[in-house]
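Report on the structure given below.
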Amino acid sequence: MIQYVLKKNINEKVPNAYGKFFAYPVITQTYDIDQLVDHMASHNTPFSRGAIKGMITDMVACIRELVLQGIAVKIADLAILYTWQHHSSNQPYKGICSSCPLLLSSQPLKKVSNIQGL
-11 MIQYVLKKNI NEKVPNAYGK FFAYPVITQT YDIDQLVDHM ASHNTPFSRG
39 AIKGMITDMV ACIRELVLQG IAVKIADLAI LYTWQHHSSN QPYKGICSSC
89 PLLLSSQPLK KVSNIQGL
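What the sequence shown shows, in the working numbering, is residues -11 to 106, in sequence order.
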């Protein structure tokens, strides 16, 4: 089950959203590749932890390569990964950093309307 928090938009520069409430997911923990491998291996898979880790590691490398070439990668039922674009320029960010070049985008958050008692 997804936990979420409702936040009121207070940015006056976005008049269509200003004063409205939006749902944002609550992140309770983050798994690294090794934790993901352990989780996947616990599902009675015939693949070894090493095989799972090798496949995930290769997938990450290939996705990074494609995304840095300007190619969005869609993983069905999960997300679309793509490069981040600076607001101050029309050029995509070409560097590699741990937190900014790849954005994870899935379905856009839907506006929560008709909230009672807030």
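Note that beta-carbon positions come from the ideal geometry of N, C-alpha and C, so glycine has one too.
I'd like to know whether the C-beta of S36 is nearer than 8 Å to at least one C-beta of chain C. Of the protein chains in this structure there is only one, and it is not chain C.
Residue(s) in a DSSP beta bridge with K(-5): F10
Could you work out which residue in I15, F35, F9, Y6 is closest to Q(-9) when comparing CA atoms only? I15
Residue range of the beta strand (DSSP E) that includes L151: Since the first residue shown for the chain is -11 and the last is 106, residue 151 is missing from the structure and cannot be characterised.
So, is V25 buried or exposed, given that buried needs 16 or more other C-beta atoms within 10 angstroms? By the C-beta density criterion, V25 is buried, having at least 16 other C-beta atoms within 10 angstroms.
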